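What follows is one structure encoded as structure tokens, with my remarks underneath.
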Amino acid sequence: MPAAPALFEQLEKNLKTEGPELVKRIKGLVVFDVDGTQWALDLREGSGSVTKGKPEEKADLTLTISDANFAQLVMGKLNPQQPAGPSRTPPCPAPLILIKAFLLRKLKINGSMGLALKLQPILDAAAPKAKL
Amino acid sequence: MALRTLVTGSDMCSAGGDGAGPSNAVGALVNQLLGGAAKTQEQLRDLPVHHAPPQLHQVPLTPEAAAMAAAAGSRAMVLPGLPQGAVGPGTLDALLGGAPRMAGPPGADVSGMVAEFEQMQRAAGQVPFGPQPPGSGPMLAAAPPAVAHNLRAFFSSAGARTGAPQPLAPLAPGALSVADQCRVRDRSTILARQLFSEQGQGFADAQVARLLESLSVDPRQLPGGLAHVHDEAWHGIWQQRQQAGPLVAADVAAAQHAAALEAVWREQQQQAARPWQMPHVPSTGWADEFAQKGWADEFEQQQQQQQQKQQPAGPQSWAEEFTHGEGEKWAGEFEAAAAETAAAARRSAGPGEAMAATRRMVEVLGADADPKMRNSQFLQFLSKMSRGELLLEEGGLREVDPAAAAAARQWADEFDERQQQQQQRSAGGTAWADDFARQQQAPCAQQQGQRAAGGDWVDEFARGVADLDIGGDAAQEDLDAAWAAIGSGAVPLAGAADWVREFGGDEAGAVGAAPEEWDALYADAQRGAGAAASAAARGREYAFTDPNPFLGDPQALAKGKDLFRRGLLTEAALALEAEVRAQPGNSEAWRLLGTVHAENDDDQQAIAAMGRALGADPSDLGVLLSLGVSHTNELDQAEAVTHLSRWLAAHPSYAAAAAAAGPPPESSQVLSHTLRTFKAAAAAHRGDSELLIATGVLQHLGRDYDGAIASFRAALDLAPGDYSLWNKLGATLANHSHSGEAISAYQRALDLKPNYMRAWTNMGVAYANVGDYTRSAAFYARALSLNPGADHVWGYLRTSLACAGQTDMLAAADRRDLAALQAGLPL
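Heads up: the sequence lines are chains A and B, in that order.
Numbering-wise (the UniProt record's numbering), the first sequence opens with residue 1 and increments by one.
Numbering-wise (the UniProt record's numbering), the second sequence opens with residue 1 and increments by one.
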């Protein structure tokens, strides 16, 4: 089982509380293509929604990424392959992780770059969360 | 030869490279900025003006003067007696130096060359007073202001291109060393020929002569042989490259080439600083001579030779690769992205936001320790964005690179093809799903008819499931899509599970198919369906596990309780399910089942079971509190508040307080109102850990984590043996970014209840939060050994393994090989 479904599930849960705010910030249809599986993140109105599969409408932004890189993106850990050494790079601060992933060619951005730079809250909302 | 050629590599190469691979933002940016002769000024404006200390801003930063402002910037940073700018020369050097070192994208070469070009320009304005011994490091001496002024004027006339030349202030003779004069001469010439390429070489040389005159540089007194030194170096490098054999990896070659170019440049720099070692050949009419045997010309010759030779490993091949392979793709991608950005910035008046964001990025990127990120070109791009200077022309940017478009088309075709194959492969499943969806949407009467034909349907379903390769991703995708289609259907579904039961109830009228078999098929299908299916079925009916060995066992409840006590949660759930299937009204069994699921980190099932328990006993305080907790975990705020309010109202001690508080004044204040009521009750009734827990849950829900932590700690003082309370404290700490403290709280919970699967999972989350991904994965693996059915934890496990770079374990996770995972990830 890839990592993405669990992460999108968490994101979907978070939309219930953070959705309206994310919609206000992003106002767009974002598609994640994770290893060929598409996840449509509709943040255009209401509190947004996450659906698996290609959306019918044209996405404002499509992010193509591998499952492992998506996992690292969500966890804020996307550093170049560095051997374990004394200078372990700390997790990249937001929203640099997106740029970094883009520059390291781990993330393909198709569509609005400006929108892509606003996605950090989405990644945060997809991270595993502790349960009471 | 246009400047673009110098910067981006040759534009005269034939096709080469495999075209695969991602794009290069930097290369594209350069392309964009150097799109035409008119864009040259933009490129000049790109220079790191932004690093300049404050006094620089006295220099009017007209586009024409930007080049010199940049040069002055690097110079002014080291002016003696003046405070250094925020960015020291070392930083700037590191930034610029970082670019050629950038390994990876073939475009790195381009940025390398750009960096060289920048250095060239900087050096032109950074002329020191006297010669320096080689290896003495950066030349820190400042040039007379007149040099900067004259160079600025020189370039501003380049910006005007046709305008009248600006007057150049004379500079006292002897202010510049011979080497510096050489450098000014050579670089000005090269630059001028690029800038004035439209006016012709003669014009360019005339401009340079004018400049040199103003700087009291007499070209006739200068050595003319510098060029050959460079040529030798270039020869050597290229020879080397040619002997290096075919490319192993384009990236490696590109990086090496960038390094080689850098080396050449450094050598050139050193040579320039050692005039006494150079053959001093007095010459007259240096401009002509230079034009004849200047290195710029030879450089072109070299390039042409290279082209004829078509050496695979030579720089030419690199250039080809860049131009015809990945470069264009990157370029297209980046251009499209940049166009979108610019357009978005304009249309959404978001420029403020975008600018603020980019400004922050520039700050952090500038300090980023990763050499790959210290890419001056990209930083400049961002800093331009942050200054709102990025006004890219829409028409030019809308161009979609043909290579990129082709790649996209190819991808789309591939995707379609694969989809079709999948559809063919699992036609049965899809057809069934379609049928199912249609049936659900059909009017009631039709549904009755369909149900009468239940036998056919069962056969069809069985066939569909048999055809499906449940384990295969392809089939899974189709099934998922089908489920999603069902879930998004306009018809209010009673829920798939409900429908199953309905069908099961009708089974007397239907033919064959034992309900157990059917249930098993359904469960299989559901497992395969993944997230979409669970989303569709969320918050609805309880989903039973089949087959269940406890079915029909009269001792199921007792066994379930015993198993729960012994910490065998998954087995306990089976026994309790058997009990509630036999006795659907047994609220105790439902409640315990809900508790088991909560401890097994499955809040959806917990909510479903607790819902049934509540149906049997609407005032069960434990059930109401559990529902409040599980809904909080699912982030269903309204549901959580409702159940916790009901808990307070149903509690004999607090019913009066709840009644006195009354309903919330308006719906938006439900949470705060409820919380106030709880706090008032807690103030009046000390010593009730349950009330403190409920208050803490509400506070957690309202993201008052400090308050929640205080409430849970107070509750723990009263009930230190409550393992789920330790877990609640830990989870609140973790969600409040105190994962380190959370770990010790979880440890307390696990000391009290070693098989508390939720706490093991939370441990994994906490270790992931503190960046210890291997340990995180170990805890997830342990949690999964307790409840292998927790799909989301499998996803988290993969997440942590991916972050830890544990490839072997990723493969084990794919196989769901818990033995291998636990062996490979010891705790």
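Don't be surprised by glycine CBs; every beta carbon is placed ideally from N, CA and C.
Bear in mind the structure is a predicted one, so any value in this text is a computation, not a measurement.
**OP:** Show which residues of chain A have a CB atom less than 7 Å away from the CB atom of residue 697 of chain B.
**Re:** 132
Original post:
Using 8 Å as the limit for Cβ to Cβ distance, is residue 700 of chain B near chain A?
Top reply: yes
Subject >> Contiguous beta strand (DSSP E) assignments of at least 3 residues, all confined to the stretch 572-619 of chain B >> reply: none
Original post:
How about the stretch 45-59 of chain A and the stretch 771-790 of chain B: do they share at least three Cβ pairs that are nearer than 8 Å?
Top reply: no
Original post:
Terminal residues of the continuous alpha helix (DSSP H) containing residue 31 of chain A?
Top reply: From DSSP, residue 31 of chain A is part of no alpha helix (DSSP H) but of the beta strand (DSSP E) over 28-34.
**OP:** Just the C-alpha distance for residue 506 of chain B and residue 579 of chain B, rounded to the nearest angstrom, thanks.
**Re:** With a pLDDT of 39 at residue 506 of chain B, under the threshold of 50, the predicted position of this residue should be treated as unreliable, and no value is reported.
Original post:
If you measure beta-carbon to beta-carbon, which residues of the stretch 636-661 of chain B are closer than 8 Å to chain A?
Top reply: 636 and 637
Subject >> Contact list for residue 68 of chain A against chain B, beta-carbon separation under 7 Å >> reply: 802
**OP:** Report buried or exposed for residue 827 of chain B, applying the criterion of at least 16 other Cβ atoms within 10 angstroms of its Cβ.
**Re:** exposed
Subject >> Cutoff 8 Å: residue 124 of chain A Cβ touching any chain B Cβ >> reply: no
Original post:
Is the closest heavy atom of the ligand FMN to the C-beta of residue 69 of chain A under 7 Å?
Top reply: The model on display carries no ligand, and the ligand FMN is accordingly not part of it.
**OP:** Count the other CB atoms, across all protein chains shown, that sit within 10 Å of the CB of residue 788 of chain B; report buried if there are 16 or more and exposed otherwise.
**Re:** exposed
Original post:
When you compare only the Cα positions, how much space is there between residue 606 of chain B and residue 594 of chain B?
Top reply: 4 Å
**OP:** Evaluate the contact criterion for the stretch 101-117 of chain A versus the stretch 750-764 of chain B: three or more CB pairs, one atom per stretch, below 8 Å.
**Re:** no
Original post:
What are the uninterrupted segments assigned as alpha helix (DSSP H) that are 4 or more residues long and contained completely in the stretch 617-684 of chain B, given in chain order?
Top reply: 621-633, 637-650, 655-661 and 670-684
Original post:
Nearest CA to the CA of residue 9 of chain A: which residue from B:791, B:678 and B:822?
Top reply: B:791
Original post:
I think residue 622 of chain B touches residue 130 of chain A, with their Cβ atoms under 8 Å apart; what is that distance to the nearest whole Å?
Top reply: Going by Cβ atoms, the distance from residue 622 of chain B to residue 130 of chain A rounds to 22 Å, so no, they are not a contact pair.
Subject >> Residues that residue 632 of chain B contacts on chain D, provided the C-beta gap is smaller than 8 Å >> reply: Judged by its chain identifiers, the structure shown contains no chain D, and its protein chains are A and B.
Original post:
Based on the DSSP output, what are the partners of residue 39 of chain A in its beta bridges?
Top reply: A:32 and A:52
Original post:
Apart from the five residues just before and just after residue 564 of chain B, which ones in its own chain have a Cβ nearer than 7 Å to its Cβ?
Top reply: 572, 592 and 596
Original post:
How long is the line joining the alpha carbons of residue 20 of chain A and residue 566 of chain B, rounded to whole angstroms?
Top reply: 44 Å
Original post:
What residues of chain A sit near residue 684 of chain B, judged by a beta carbon separation below 9 Å?
Top reply: Here the premise fails: no neighbours, minimum Cβ distance about 25 Å.
**OP:** Give a yes or no on whether the C-beta atoms belonging to residue 70 of chain A and residue 3 of chain A are separated by under 8 Å.
**Re:** yes
Original post:
Is there at least one Cβ from chain B nearer than 8 Å to residue 58 of chain A's Cβ?
Top reply: no
Original post:
Quick one: what does DSSP say residue 545 of chain B is sitting in, helix, strand or coil?
Top reply: coil
Subject >> Three-state secondary structure assigned by DSSP to residue 106 of chain A >> reply: coil
Subject >> Under 7 Å (Cβ pairs) to chain B, residues found in the stretch 15-29 of chain A >> reply: 16 and 17
Subject >> Closer than 8 Å to chain A by CB, residue 559 of chain B >> reply: no
**OP:** Taking all protein chains shown into account, decide if residue 751 of chain B is buried (16 or more other Cβ within 10 angstroms of its Cβ) or exposed.
**Re:** exposed
Subject >> Identity of the residue in A:37, A:106 and A:76 nearest residue 97 of chain A by Cα >> reply: A:76
Original post:
In terms of residue numbering, what span does the beta strand (DSSP E) encompassing residue 211 of chain B cover?
Top reply: Where residue 211 of chain B is concerned, there is no enclosing beta strand (DSSP E), although the alpha helix (DSSP H) it sits in stretches over 201-214.
Subject >> Cutoff 8 Å: residue 753 of chain B Cβ touching any chain A Cβ >> reply: no
Subject >> Amino acids of chain A, ordered along the chain, whose beta-carbon sits closer than 8 Å to that of residue 742 of chain B >> reply: 130
Original post:
Would you report the Cα separation of residue 820 of chain B and residue 628 of chain B, rounded to the nearest angstrom?
Top reply: 38 Å
Original post:
Nearest-angstrom Cα distance between residue 215 of chain B and residue 200 of chain B?
Top reply: 23 Å
**OP:** Please look up how many angstroms separate the CB atoms of residue 587 of chain B and residue 620 of chain B, rounded, as I've assumed it's under 8 Å.
**Re:** 6 Å
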